[in-house]
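Remarks on the structure that follows.
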Amino acid sequence: MTTGKWPAARPRAMAWQRRRASAARFWRRYRTHRAGVLGLATLALFVLLALAAPLLVGSGVADVTDAPGSPLERPSGELPFGADRFGRNLLGLVIWGARVSLLVGLFAAVLSVAIGTVIGVTAGHFRGWYATVVMRITDWFLVMPTLVLAIALATVMSRSLLTVVVAIGVTTWPTTARLVRAQTLAVESRPYIERARALGGGHWHIMSRHVLPHVMPLVLAQTTLIISSAILAEATLAFLGLGDPTVVSWGGLLQDAREAGAVSAGHWWYLVPPGIAIALVALAFTLCGRAVESVLNPRLGVSR
Amino acid sequence: MTSDATSASVGGGTGATDGPPKDGPSATGGRVTTAYPRYVAGRVAGAAVSLLAVLVTSFFLFRLIPGDPVKFMTGGRQVSAEQLAAYREQFGLDLPLWQQFADYCGKALTGDLGTSYQFNAPVVDKITEALPNTLLLTGTAFVLYTALGIALGTRSAWRHGRLGDRFHTGLALVLYSLPSFWLGLLLIVTLSVGIGPLPGLFPTGGMESGGEEGFAYVVDVAHHLVLPVVTLVAVEYGQTLLVTRSALLDEMGGDYLTTARAKGLRDDLVRRRHAVPNALLPTVTLIFINLGRTVAGVILVETVFSWPGLGGLFYQALSVPDLPLVQGLFFVFAAAVIVMNTLADLIYPLFDPRVGR
Amino acid sequence: METNDQYGGHHRTPGRARLVLAAGAAALVLGAGLATPLDPAPRQARAADDGGKVLTVAVAQSVDSLSPFLAVRLLSTSIHRLTYEYLTNYDPEDNHVVPGLATAWESSPDKLTWTYTIRSDSTWSDGERATAEDAAWTFNTMMSDPGAATANGSYVANFEKVTAPSPTKLVIELKKPQATMTALDVPIVPEHVWEKVDDYSEFNNDKDFPVVGNGPFVLTDYKADSHVRLKANKDFWRGAPRFDELVFRYYKDQDAAVSALRKGEVSFVAGSPSLTPAQADSLQGEKNIRVNDAPGRRFYALATNPGARAKNGEKMGDGHPSLLDRRVRNALFMAVDRKTIIDKVFQGHAVEGAGYIPPRFPQYFWEPSAGQELAYDPAEAARLLDEAGYRKNADGKRVGEDGVPLDYRVLCHATDPNDKAVGQYLEEWWGDLGIKTTLTCLDNVTDPWLAGEYDLAFDGWSVNPDPDFVLSIHTCGALPATPEETGATDNFICDRTYDTLYARQLAEYDAGERADIVKQMESRLYDLGYMNVMAYPNAVEAYRTDQIESITTMPAKAGNIYGQDGYWSWWSAVPADSGDAGGGSSSTGVVVGIVAGVVVLVGLGAFAAVRRRATAEDRE
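If you're matching them up, the sequences are chains Z, G and C in order. When we follow our numbering, the leftmost residue of the first sequence carries the number 370, and every step to the right adds one. When we follow our numbering, the leftmost residue of the second sequence carries the number 528, and every step to the right adds one. When we follow our numbering, the leftmost residue of the third sequence carries the number 17, and every step to the right adds one.
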């Protein structure tokens, strides 16, 4: 990939072509990872459920005033997962909760990876005191106990989904920053960057045109993996009562169940579905992330 | 490291990147002649700076928590302006922020982290009260999941691609994806409350039944320890397993192993003498990081199992907010990570034959 | 270790790792296998070291302080009830005042001097006699040392002078008449022990055991967040308790407490503040467990912000101006379906709200008349809002004439599931009226609460046999002097009519007359609509009948056990006769042991099988 060499011949079209080709290559390789495909399928299913939730269950599923069952009703034909403490349909709630859990997981991961990428690329590109300072900060965030910091942030801010997204995003970016920086350093040491510089490419040009495309695969893999932990983190914060109590999410359902005394009453059906949903989605993202990673880094192909 | 909110090092490739900041060992790695003592001094100084940074953060971050501690302490009781002022003075809240901070740092150096608002007792006392309990829980879990992770990871690598490997890797990934608090709740429902004909075998929470002494007390604590430890081990061992496994697989591609085998060395000898020691490097790093992190990561498990440790204390302190206690605990959590990371950095060159001393 | 060999192929695992693994597995098995059969089944009331009977109570609260001068939490004050005599006590039958350390009392004709006769048969646990001097010293210390006034200072605020002319005579002179002089819930401490304390604001009374006291129990041991241990006081003047030891064991988690009860590890579980409906229902069916679902002493209310202000007239906070209109307040409450709250949220474990004071205190309980009652009637609520000028706009939202929409913030306790549940109902009920509701749930609501930064809030108080305190928190006098200070006020209510009635009842020494005035105050409070009582939650608690044969509830007919006004429950509890159910428990133990053993064996077997298969594969 020696972009800088032919600046004349329709660079945009060529770039597109190249990208399409590498995407196809990527998919061909990805397909060979059975676990990755399985994870992707699971994800697709959950995303479909979340998108179709308004049609499948309707937003009324979260209403307490006209709940169909009696509080803590056992599973039955009518309510396959039973009812929650308001008598709401638990199956419907789990489906509805997918929206919040996936959304928060996605946004938090994107925020985290975005911060990490910006920090990583700039720290790798501008060396000197900037890099030193930024990497010190990164190191410092790296030693912060993530959960403790997230809990602290969630306590400091008001209880809302945005708070949860920020608390997760702001505490999980340092790993990405380190990885991206290392990759940036590797890319920038290649000769063609020298040439691009010699040809008058500015900082922005080099970072966006040369470095970013090369760190993108890494960022993609990292995002997938971080979503997995972000979903767990969302559930954790909700479970600790730091989420928005009026929003239906998987972690929130588990907290409801615990507060209602479902644990000592032995109402396992209230506890099991939200937990399985969390675990399945987290696992699916992890599987995808691992597959992406081993496609991008064939030396790890054995890790299938 | 917990499966909750930490980075995603389960991805095989990034496992090693989860180690301590790599500047140190890898930077020195190039120059074989670097003096180890100087390296140590550098690391220790870095750790000291980090500790100071943590002290600063914990002080200022928690000032942002809404809530006037003095008003909490006095509850809804009628308090005159003079009394409020007296409280503020007693806890040093009437001073300018920078002076409060200076006082805090000065006292922290002498081992005084202030007085807890809600318990009316020194923060250090509250922490030293809870610390052994947390160490007992995390220590036991740590030994078990590290041993389990390394043992299974080695086996998996050695037989990679086979059924056993796929089973263990798969299981590790599944368990790693479980929310630890949920697993804990399920264990409580099934094994301590009892479901259907299954009677409750274990206590639901706490650390002791109270009243036992001597050997009976030890057994009693062990009995209370089983479920929280099982929970922690289940969600944590996977990471060690995967990192060990991928490190070993990396190592097995190395030429020198082929050479060793060609020399006619027996398989397990090759493994034990050559591959495992080298491959354990990233694992050792991970072990130290885990050691530091489990102290903080145990919050959830302690909450679910009512374990009287630091995690539960932290949660209790945050809701007040009991600022001195929150700050103290935050400092302890972060310090644990820093100290362990530094230890990992210090030990790394001693283990790695490629990094000079 | 034998286990090493059964794996086969042991030469393939690094030796050290395997050893650690085996040791770990062994440790787990040891934990599981060894400990389990020891703790198999409901136990009898446990024997103490000396063979006595132990009553273990699961509590969810931690102790704030064991010093009577500092303690405010229910658990701590309950412990003080058990370890120190108060001047008076309340009858468990019907809450009327009965002798405690004082055997008799009388007031002077000018109502300003009270003379108490102190009993001569009460001794401190170190052998010294408890006298009027101890009482006088306790009160005087609280009056002179602000540190000692921390917890109960309000009781002595109106005291002019306290003296002990003789060991059996205590004289209290008042600044103003005070009807609560027979309800001074202040632990009397031994002067000869407490005079040595330097700083009452720092002394927690938790280092030297046993703690010298004169109640039915003596405090013998305390471990923070673990347990409080008390021993029966055999010389207690009212008679020794039947149990030899009383232990309050701390369970952070209510589920843990409930299953501890189920397994017989504790004799009693109180819940905080009560068991959840699910827990109560699941315990109801259990053998040897009785669920005590008793009328509670709490009310659960919806408080509205009356435009918070300080005594000096300065405005505080940012309450919604529409709430100053009584029609709006009444409309909001009329849209609250209290029956649904009882049925769905409390699932029957509560009584529909009416007046301010719960029916558990019949002499003060008041209900609105038919014409006065704000019954559930959403249509009427909508009409009232229209009348007040808050009509629905095109979007179906209610907007005032000034264009300000009815958007309310409801302050809720994040730690109270009922708040969050009722909050969701409010959101939907008021949403139907065209009002937007935002739930603000906080772990600690103190800050916005004291600052008046809310529109509505969930509120609740435990009511004492003497209602003075819960009435006093709605007087103008309870407002903070300036916005910077804290007042005793609950939610900034300040109403002249109410205040006049309050002053009259406080000076009224005739019980019947006083009760009448109190009811008038409740009526006034109801009409004002600042304090809307939705429910009186029951006290739902449970105990093991195979450990406690009988226990006094308060009131005697259908009453609560934990958190009584007095020491009746624990003092009166009779241990169950041991000897029955013994066979049952040991056979359950065997079953449990076998099950545990099988589980462990199956686990080990599966592990070995996996290993062996892997090994076989490996041989190729």
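C-beta: ideal position from N, C-alpha, C; glycine also.
Nearest to residue i by CA position, among the options, is which residue?
i, options, result
"G:R590", "G:V576, G:L620, G:L579", "G:L620"
"G:L582", "Z:L407, Z:R550, Z:W509, Z:T615", "Z:W509"
"C:Y100", "C:G116, C:L86, C:M332, C:V88", "C:G116"
"Z:S529", "Z:P444, Z:A607, Z:T401, Z:R457", "Z:A607"
"G:V770", "G:L808, G:H750, G:E740, G:G733", "G:L808"
"C:T154", "C:V263, C:V213, C:D463", "C:V213"
"G:S585", "Z:R578, Z:M513, Z:R457", "Z:M513"
"C:T198", "C:T119, C:Q379, C:A324", "C:T119"
"Z:L686", "Z:L460, Z:F455, Z:R454, Z:P440", "As shown, chain Z starts at 370 and ends at 673. That puts residue 686 of chain Z outside it, with no answer to give."
"C:V113", "C:A195, C:A164, C:K247", "C:A195"
"C:Q536", "C:A148, C:T131, C:M158, C:P384", "C:P384"
"C:L517", "C:L318, C:D532, C:E302, C:V88", "C:D532"
"C:G476", "C:I134, C:L427, C:E144, C:R135", "C:L427"
"C:D137", "C:A74, C:R254, C:E211", "C:R254"
Answer yes or no: do residue i and residue j have a C-beta to C-beta separation smaller than 8 Å?
i, j, result
"Z:T592", "Z:V482", "yes"
"Z:T501", "Z:P543", "no"
"C:A366", "C:P203", "no"
"Z:L623", "Z:P643", "yes"
"Z:T615", "C:L455", "yes"
"G:L714", "Z:T524", "no"
"G:F836", "G:T661", "Reading the sequence as shown, one finds Gly at residue 836 of chain G and not Phe. Cβ atoms of G:G836 and G:T661: closer than 8 Å."
"Z:G408", "Z:Y399", "no"
"C:M332", "C:P499", "yes"
"C:F309", "C:V556", "What sits at residue 309 of chain C in the sequence shown is Asp, not Phe. For C:D309 and C:V556, yes; Cβs fall inside 8 Å."
"C:L200", "C:Y102", "yes"
"C:R414", "C:I451", "yes"
"C:E261", "C:A240", "no"
"G:M779", "G:H751", "no"
Secondary structure at residue i, three-state DSSP: helix, strand or coil?
i, result
"Z:G456", "coil"
"Z:A419", "helix"
"C:M570", "strand"
"G:Y875", "helix"
"C:T52", "At C:T52 the pLDDT is 41, less than 50, meaning the model places this residue with poor confidence; the figure from the coordinates comes in the next sentence. Three-state DSSP puts C:T52 in a helix."
"Z:G485", "helix"
"Z:A478", "helix"
"Z:S445", "coil"
"G:Y566", "helix"
"G:C632", "helix"
"C:A551", "strand"
"C:I564", "strand"
"C:E443", "helix"
"Z:H494", "helix"
For residue i, which residues of its own chain have a beta-carbon under 6 Å away from its beta-carbon, when the five flanking residues on both sides are left out?
i, result
"G:F729", "L718, S719, V753, L754"
"C:F225", "T236, D237"
"C:A165", "M158"
What does a CB cutoff of less than 8 Å around residue i pick up in its chain, not counting 5 residues either side in sequence?
i, result
"C:Y514", "H490, T491, M537, R540, L541, L544"
"C:T129", "S123, V187, I188, E189, L190"
Near-chain C residues of the segment 699-716 of chain G - C-beta to any C-beta below 8 Å: I715
Relative to chain C, which residues along the segment 415-443 of chain Z have a C-beta separation below 7 Å, given in chain order? D432, V433, T434, P440, L441
Near-chain C residues of the segment 447-464 of chain Z (beta-carbon distance less than 8 Å), N- to C-terminal order: R454, F455, G456
At a CB distance below 8 Å, what residues from the segment 602-636 of chain Z approach chain C? Give them in sequence order. G610, P614, T615, D625, R627, E628, A629, G630, A631, V632, S633, A634, G635, H636
Please list, in chain order, the residues of the segment 484-515 of chain C that have any C-beta partner in chain G closer than 9 Å. I489, A494, P496, A497, T498, E500, E501, T502, G503, A504, T505, D506
When Cβ atoms are compared, which residues of the segment 516-546 of chain Z fall closer than 9 Å to chain C? T524, S527, R528
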